[in-house]
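Colleague: Keeping their order, the protein sequence lines are chains A and E. Going by our numbering, the first residue of the first sequence is number 438, and it counts up by one from there. Going by our numbering, the first residue of the second sequence is number 146, and it counts up by one from there.
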Amino acid sequence: AQTVTQSQPEMSVQEAETVTLSCTYDTSESDYYLFWYKQPPSRQMILVIRQEAYKQQNATENRFSVNFQKAAKSFSLKISDSQLGDAAMYFCAYRSAEGDDKIIFGKGTRLHILP
Amino acid sequence: NAGVTQTPKFQVLKTGQSMTLQCAQDMNHNSMYWYRQDPGMGLRLIYYSASEGTTDKGEVPNGYNVSRLNKREFSLRLESAAPSQTSVYFCASLGWYRINYGYTFGSGTRLTVV
Numbered sequence: 438a439q440t441v442t443q444s445q446p447e448m449s450v451q452e453a454e455t456v457t458l459s460c461t462y463d464t465s466e467s468d469y470y471l472f473w474y475k476q477p478p479s480r481q482m483i484l485v486i487r488q489e490a491y492k493q494q495n496a497t498e499n500r501f502s503v504n505f506q507k508a509a510k511s512f513s514l515k516i517s518d519s520q521l522g523d524a525a526m527y528f529c530a531y532r533s534a535e536g537d538d539k540i541i542f543g544k545g546t547r548l549h550i551l552p
Numbered sequence: 146n147a148g149v150t151q152t153p154k155f156q157v158l159k160t161g162q163s164m165t166l167q168c169a170q171d172m173n174h175n176s177m178y179w180y181r182q183d184p185g186m187g188l189r190l191i192y193y194s195a196s197e198g199t200t201d202k203g204e205v206p207n208g209y210n211v212s213r214l215n216k217r218e219f220s221l222r223l224e225s226a227a228p229s230q231t232s233v234y235f236c237a238s239l240g241w242y243r244i245n246y247g248y249t250f251g252s253g254t255r256l257t258v259v
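In structure tokens form, the structure reads like this:
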């Protein structure tokens with residue numbers, strides 16, 4: 438069975454600085470999707486970024502980028518120029534592209550932005 | 146606005162009571178999901194439905210039942226609520242929304258069982 442591990446329950450970063458959230462996963466599959474979701478205090482789950490495993494190029498969305506290391510099964514999220522609105526819980530997630538329709542979440546990392 | 150709508154947003158139940166959480170999406174997605182979120186546990190899958198008329202168990206299905214009424218609606222029922230079911234429940238669907246492919250979540254239901 439696939440697993441997703443976020444080893445940092447909480448992190449803090451100074452406003453305008455860069456922070457990297459870690460995520461590792463375990464799978465025997467070769468084709469899959471990886472996601473980062475943001476959950477602010479409003480509780481809404483917001484898709485931050487998505488990576489297809491078959492793509493070597495790391496996904497980027499404005500100030501958010503990932504470092505996808507397929508061999509190492511690592512999928513970290515980098516937030517540049519951190520803003521107060523980035524304060525939230527961040528979840529890493531995995532979904533197989535080989536038939537199983539389930540998504541598996543890590544336990545989350547709570548990110549604090551220090552003014 | 147297109148998206149996933151969950152009702153109710155808050156609910157308090159007494160142990161043994163039953164209730165149904167409603168979920169509807171208007172994005173024509175085939176797959177729908179129910180998750181529960183507990184502190185330190187992330188989101189855990191309760192049930193999911195890959196298409197209208199099909200449902201499958203997730204990681205924590207005990208104490209719950211689901212119905213995929215049609216393509217839009219996927220409800221979650223607690224037949225006899227227990228304090229261990231106190232949680233925040235999220236419904237989600239999978240598919241394209243505008244230019245993004247991924248999961249769209251409802252705003253959650255905070256359920257307290259006393």
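Each residue gets a CB set at the ideal place from its N, CA and C atoms; glycine is no exception.
So if DSSP puts C460/A in a beta bridge, which residue, or which two residues, is it bridged to?
Modeller: Working through the first sequence from its first residue, we reach residue 460/A at position 23. According to DSSP, C460/A bridges with nothing at all.
Colleague: Using a 10 Å radius around the Cβ and a threshold of 16 neighbouring Cβ atoms, would you call F505/A buried or exposed?
Modeller: What you label residue 505/A is simply residue 68 of the first sequence in a count that begins at 1. It is buried - the Cβ of F505/A has at least 16 other Cβ atoms within 10 Å.
Colleague: Would H174/E be called buried (16 or more neighbouring beta carbons within 10 Å of its own) or exposed?
Modeller: Locating residue 174/E in the second sequence gives position 29, counting from the first residue. Buried.
Colleague: When you check each C-beta in the region 528-548 of chain A against every C-beta of chain E, which residues fall closer than 7 Å?
Modeller: Within the region 528-548 of chain A, the residues whose Cβ lies closer than 7 Å to some Cβ of chain E are F528, D538, K539, I540, F542, G543, K544, G545, listed in chain order.
Colleague: Does chain E have any CB closer than 7 Å to the CB of M482/A?
Modeller: Position 45 of the first sequence holds residue 482/A. With 7 Å as the cut-off, M482/A counts as an interface residue toward chain E.
Colleague: Any residues in the region 182-207 of chain E with a beta carbon nearer than 7 Å to a beta carbon of chain A? Which ones, in chain order?
Modeller: Listed by position along the chain: G185, M186, G187, L188, L190, Y193, A195, G203.
Colleague: With a cut-off of 7 Å, does the C-beta of F250/E fall near any C-beta of chain A?
Modeller: For the purposes of this step, residue 250/E is taken as the residue at position 105 of the second sequence. Judged by the 7 Å Cβ criterion, F250/E is in contact with chain A.
Colleague: Closer than 9 Å, Cβ to any Cβ of chain E: which residues of the region 449-476 of chain A, in chain order?
Modeller: Under the 9 Å Cβ criterion, the region 449-476 of chain A contributes Y470, F472, Y474, Q476.
Colleague: For the beta strand (DSSP E) that V205/E lies in, which residues bound it at each end?
Modeller: If you number the second sequence from 1, residue 205/E lands on position 60. No beta strand (DSSP E) contains V205/E, which DSSP labels as neither H nor E.
Colleague: Report the three-state DSSP secondary structure of Q156/E (helix, strand or coil).
Modeller: As a position in the second sequence, residue 156/E is number 11, starting the count at 1. Strand, per DSSP.
Colleague: Strictly by DSSP, which residues pair up with A237/E?
Modeller: Locating residue 237/E in the second sequence gives position 92, where the first residue counts as 1. In DSSP, A237/E forms a bridge with Y178/E, F250/E.
Colleague: Any contact of the region 196-211 of chain E with the region 149-162 of chain E, i.e. 3+ C-beta pairs under 8 Å?
Modeller: With a cut-off of 8 Å, the region 149-162 of chain E and the region 196-211 of chain E do not count as touching, because too few Cβ pairs lie within range.
Colleague: If you follow the beta strand (DSSP E) that M448/A is part of, which residue opens it and which one closes it?
Modeller: Along the first sequence, read from residue 1 onward, the residue named residue 448/A stands at position 11. M448/A -> beta strand (DSSP E) spans 447-451.
Colleague: Which residues in chain A have a C-beta closer than 8 Å to the C-beta of V233/E? List them in chain order.
Modeller: By one-based count along the second sequence, residue 233/E stands at place 88. Under the 8 Å cutoff, chain A gives R480.
Colleague: Report back the beta-carbon spacing between V233/E and G253/E to the nearest angstrom; my notes put them in contact at under 8 Å.
Modeller: Here the question's residue 233/E lines up with position 88 in the second sequence. Here the question's residue 253/E lines up with position 108 in the second sequence. The Cβ separation is near 5 Å, so the contact holds.
Colleague: Where does the unbroken beta strand (DSSP E) through L214/E begin, and where does it stop?
Modeller: Sequence index remark: in the second sequence, residue 214/E carries index 69 (1-based). First-last for L214/E: undefined, no H or E at that position.
Colleague: Give the residues from the region 234-247 of chain E that approach chain A closer than 8 Å (Cβ to any Cβ), ordered along the chain.
Modeller: Under the 8 Å Cβ criterion, the region 234-247 of chain E contributes F235, A237, L239, N245, Y246, G247.
Colleague: Using a Cβ cut-off of 8 Å, pull out every chain E residue sitting near R500/A, in sequence order please.
Modeller: Looking up residue 500/A in the first sequence gives position 63. Here the premise fails: no neighbours, minimum Cβ distance about 17 Å.
Colleague: What residues in its chain sit with their C-beta under 7 Å from that of G169/E, if we drop five residues either side in the sequence?
Modeller: Within the second sequence, numbered from 1, the residue matching residue 169/E stands at position 24. In the sequence as presented, Gly is not what sits at residue 169/E; that position holds Ala. The answer, listed in chain order, is T150, R217, E218.
Colleague: Under a Cβ-count criterion, where at least 16 other Cβ atoms within 10 Å of its own Cβ denotes burial, should G554/A be classed as buried or exposed?
Modeller: Beyond the ends of chain A as shown, which are 438 and 552, falls residue 554/A; an answer cannot be given.
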